[in-house]
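In what follows, a single structure is set out as structure tokens and then discussed.
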């Protein structure tokens, strides 16, 4: 096999970022778009070279050969789709959060293991140049041992309705901050042991979403297995723009990753306003190099036997941390990740 | 009275910053340096125009007229010195932390009230131009309602020995992070209601300080009375330099205050190293304008009857937050500030 | 025609940047690498998917169909190669500087016009996001009318030997600063009318290059037809790294484009050193998005009939400005661009 | 003498900056404000503690003892005032530009030498921390030998009417860019040998100022005696704010001094606008530490016999460079500084 035949499952925004990169890739072809919503699937396909569309993976498989799928659907569908794909012998790229519960994560991992297919999770920040450079410096000992690791994500615009329906998602900490939970663990070099979360619902009421279902601000304290501490904060919607920044303080120095300011352009027109620099408009633009590089890694894992850089274990850890954090604010106490049970969901 | 006669009590680093500013002030004269340690007092005096030195406030008062004192001694001495000064009719500028317990804070406040003297607390960040500008913008509604307020302080060098002796201090959160506790409340526009803290001792062992007495890293989650959330983190020693930064996310925008980079100078010599910008070397330099402006405000409160900008209530709130945070890591649970009792100390 | 068959002529660094992008392009295939030096051609081809190599365009044409060529050879070969390609009916992408003399520029332009092929010049900065955004803002009137336009380019490493052999190149101002001459005119919105240049040879002696042939520092004053003024400065080698920055001051504001600092990463380890940010290592990395976008534009001009964004006139103007600047430092006086004669070269 | 009695001559903006610093100085008293315009003198005095005002130096001397004067009057009055002060035995701090012609500069220097008084010129940028740090690094060899030195100054607001009356001033290059001419020479470590200037009048017409009298934009090429090259650009009014930045490229590295962005505060409210940072509003704020430090140096030169840090020779060199630059744009050719004659003025 020298080129991969890839199907994109889920005609949403995250799927589109991947599908565009697949369509442009030198070693992969986008051969199918899969979504129950035929209209959405066709609109999506029109933006990526108009591959055929199908309502289900089953029908796509019937139509022709497939090597791999990208799954970027609502979280509660991940388990079944990923298991189905793995059982069909397809390599699986699975967006975050991995699934709704640890049991679901285990089901996916087991199915991939049984099938002997590649299973890669969608934590693209690890591939973003400034993040990868920071990780390399930490591993080289440039800042000594990590002591405090902080990460924030703020996103403009409301998440989709299912993301604050607790029967289909574990809420903002899952949908927005999964990246932070993965990133801090990766940079700290140790699993998260205990979390404490505070949340509030500040803008939901104006949108008719009650506090029971919804929170739009969170701060989470972290304690890692190697004694590092940390914080995560998340806000969505943060109308000012998309913002994702990380800071790692070590025993010998500090790394500050990311900047709310984007393009290297300064404009000054009015001295009472000040100097203006464009910011990042959204995650597809902010992490564009990361998305390309994680696809390259997935292709290399399949075609070249390269190691899978982001594994089921990584996806599972982020799910455990989110579930612990949600239980923390519900029970108003710190929660250890090993308290989370296999079938536990936040609802 | 057109010029103030001021005594500086405490021949340490913080006292020196104030004493230098007093000696240069157009409406104040530094007329006495007071410290039990005669040698330290003389060394200190030599740097600020050589005013006479005394072992106690009593002896200084006997030697000539005084209008005001700056108290920058170890925390456990604050209550007695401040009460003595107030009872002698002197205006009191009191460094942070205000005292060891809430009872001591109340004693100081009551003494000042009885004597009718000005009592101002040493939270100079409020006077620092970028902090003051941020506060003005928040009050003008530029970023809407505060949702998340974050503050960090990291300092090079060990704190003095008494600062991690829990019979004389409430530890790093008191000695280093009092500024953060004050600043977040001031910027959030509401008192802190509940805190949760995680701490570690990462460098103490190498210095022979055991974990029982000591922690050198802390992250604290905050919940404010107006539903804002927040975090504080502190590290001391952070050998890379002095760093103090704050971020306020509101419903309509964000303010990022401070930069680890200092002087507006970039040097590039080696492309494998990168572009280098000097950083702040310590708090006296980092907050130099703030120290000058808080002195101006103190002088104006005394000579012109201007309102006292930082009050006993401000000092007391920071002490309460520190005590709650310390109890939080000791009891491994979130602690409300109203749980802190009058005589409570961390020890 | 739905995909372009493209040959890369010139097995050097600039050619490689283009060839890599062609090999990855969705609408183009790299089908030939052409260089007289067979070994260099093969080394080059090995890095871009191993297309066949040829010693000449003639032999490549004999081997199979070609639609377009990228010419990235030493400047003195541009005219003949571009004319040969155009006469063979091939679309031509021609690296800067366009040619050695205005007569050569005219020859190339005439050949392309006769053949009816696309001729695009390699000024990739126009396609770099921050430059394109600045141009859009200027055209939208955000900073009023341009008054002063400044541009600098500094490059690490020596240019190739032919670049300071005045029988084969017009020197550093041509080889390094052509980009600046094009960019300032494009941003000023008017041709350069008059230039004055000062040059020095500071590092050549250590490399056995005499001042007669060589200068490695230049500052150039500019006067544009619309009364804007400007400066260009160039240095090569500037061992500290690659640096290209532009500033446009208008009647209503200012735009500062580019930053010596690259990746959004800050590291602090030592307070006596300061905060360190990686810089750009070279032009292929610094202008990577610009190189991709100029290729997209070339493909679109051929396949979709889109307008050619950088024309022979643009290339010719930069050559005229370089020749005038070289005459200026030789004659120690300001030189108007209309003084430059058709056959004039600097030698 | 332990405290200096100082008079401020010239009730304008620059005088006020000095007078405020003198009034606050520990070793100096502001004892007189001198201006022909009694009303202006009184308004000025009211802002600095209300010292007595006088219409002339003569009357001030008659009223009481004086040790030193600060002269911040229109340039054409500098020579007579400085000579008068020196002949009265007063130490002289003289604002830039030193005088209208080299002859006048020589007259001032000779008078000070005869009287044995301190004569210090007002180039405060040398005392600004980031400039002083850059100079120290250059002298320590951090960036090797200077190759290119660039400086710009842009000011909001029109200069006073006399500043573009060529019988009273040598125009914008003198009034605004004297600082740049001094600064580049100081940082390059060698005198300017030759200049070439281009100027335009872009906003004068709208204000009824004809091109004969006026230019509001200039770019100047520089060649130094040690083979370094440079550029200066000036614009006044530049309505966007006050901006002064310098860059020094050496054989081993580069230093970038200053930033259009001021206070370390970032605000983002609207993703279509971007991140906003306050800028410097004017030179009194931008160079506040420099003004304080140059006063300290003047006081130390008088009271402690410290070396005078900015001398008549420095002032004279900047005047020569300005006169050469003005002749350059008038004669449309590069002009050597040694072509400037003793009595030459631009008019």
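Protein chains in written order, with my numbering: chain A, 88 to 434; chain B, 88 to 434; chain C, 88 to 434; chain D, 88 to 434. The C-beta atom is built at its ideal place from N, Cα and C for all residues, glycine as well. The structure displayed is predicted, hence computed values, not measured ones.
- Sequence-distant Cβ neighbours of residue 110 of chain C in its own chain, meaning closer than 7 Å and more than five residues away, are 117, 135, 136.
- Looking at the DSSP output, residue 285 of chain D bridges to D:306.
- Counted as a single uninterrupted DSSP element, the alpha helix (DSSP H) harbouring residue 415 of chain C occupies residues 399 to 418.
- Taking the Cα positions, residue 197 of chain D is about 9 Å away from residue 399 of chain D.
- In this structure, DSSP gives residue 192 of chain B a helical state, which the three-state scheme calls helix.
- Burial check for residue 217 of chain D: the Cβ neighbour count within 10 Å reaches 16 or more, so the residue is buried.
- Look at residue 357 of chain C: its C-beta is under 8 Å from a C-beta on chain B.
- Here residue 123 of chain B is exposed: its Cβ has fewer than 16 other Cβ atoms, across all protein chains shown, within 10 Å.
- Just measuring C-alpha positions, the residue of B:390, B:405, B:138 sitting nearest residue 273 of chain B is B:405.
- Taking 9 Å as the Cβ-Cβ cut-off, the region 337 to 361 of chain B approaches chain C at 346, 347, 348, 349, 350, 352, 353, 354, 355, 356, 357, 358, 359, 360, 361, given in chain order.
- Taking CB atoms only, residue 221 of chain D has a neighbour in chain B less than 8 Å away.
- Inclusion of residue 427 of chain A and residue 407 of chain A in the CB contact set at 8 Å is warranted, their separation being smaller than that value.
- Contact of residue 111 of chain A with chain C by beta-carbon distance below 8 Å involves 111, 113.
- Between residue 350 of chain C and the set B:359, B:351, B:349, B:344, the nearest pair of CA atoms involves B:359.
- Here the region 321 to 331 of chain C does not lie against the region 319 to 326 of chain D, with fewer than 3 beta-carbon pairs under 8 Å apart.
- If you ignore the 5 residues before and after residue 275 of chain B, its C-beta comes within less than 6 Å of the C-beta of 233, 236, 311, 315, all in its own chain and listed in chain order.
- Counting of Cβ neighbours within 10 angstroms places residue 357 of chain D among the exposed residues, the total staying below 16.
- Residue 328 of chain A has a beta carbon lying within less than 8 Å of a beta carbon in chain D.
- Just so you know, the alpha carbons of residue 363 of chain B and residue 341 of chain A end up roughly 14 Å apart.
- Nearest CB-CB separation between residue 217 of chain A and chain C: below the 8 Å threshold.
- Apart from sequence neighbours up to five positions away, the residues of its chain that approach residue 381 of chain C with a beta-carbon distance below 6 Å are 211, 214, ordered along the chain.
- In this structure, residue 305 of chain D sits away from residue 334 of chain D, with a CB-CB distance that is not shorter than 8 Å.
- Against chain D, the beta carbon of residue 366 of chain A has neighbours under 8 Å at 355, 358, 361, 362, listed in chain order.
- Excluding five sequence positions before and after residue 370 of chain B, the CB atoms of its chain that fall closer than 6 Å to its own CB belong to 329, given in chain order.
- The three-state secondary structure of residue 322 of chain B, taken from DSSP, is strand.
- Among the CB atoms of chain B, one or more fall inside 8 Å of the CB of residue 306 of chain A.
- The continuous alpha helix (DSSP H) containing residue 372 of chain D extends over residues 370 to 373.
- Here DSSP, grouped into helix, strand and coil, assigns residue 238 of chain A to strand.
- Sorting B:161, B:347, B:376, B:201 by C-alpha distance to the C-alpha of residue 107 of chain B places B:376 at the top.
- Taken through DSSP and simplified to helix, strand or coil, residue 164 of chain A comes out as helix.
- Chain D places no beta carbon closer than 8 Å to that of residue 246 of chain C, leaving this residue out of the contacts.
- Proximity of chain A to residue 224 of chain C at the Cβ level (cut-off 9 Å) is accounted for by 352, 354, in chain order.
- Between residue 243 of chain A and chain D, the shortest Cβ-Cβ separation is below 8 Å.
- Listed in chain order, the non-local C-beta contacts of residue 170 of chain D below 7 Å within the same chain comprise 194, 195, 198, local neighbours out to five positions each way being set aside.
- According to DSSP, residue 95 of chain A shares a beta bridge with A:120, A:157.
- Taking every protein chain shown into account, the CB of residue 138 of chain C has 16 or more other CB atoms within 10 angstroms, so this residue is buried.
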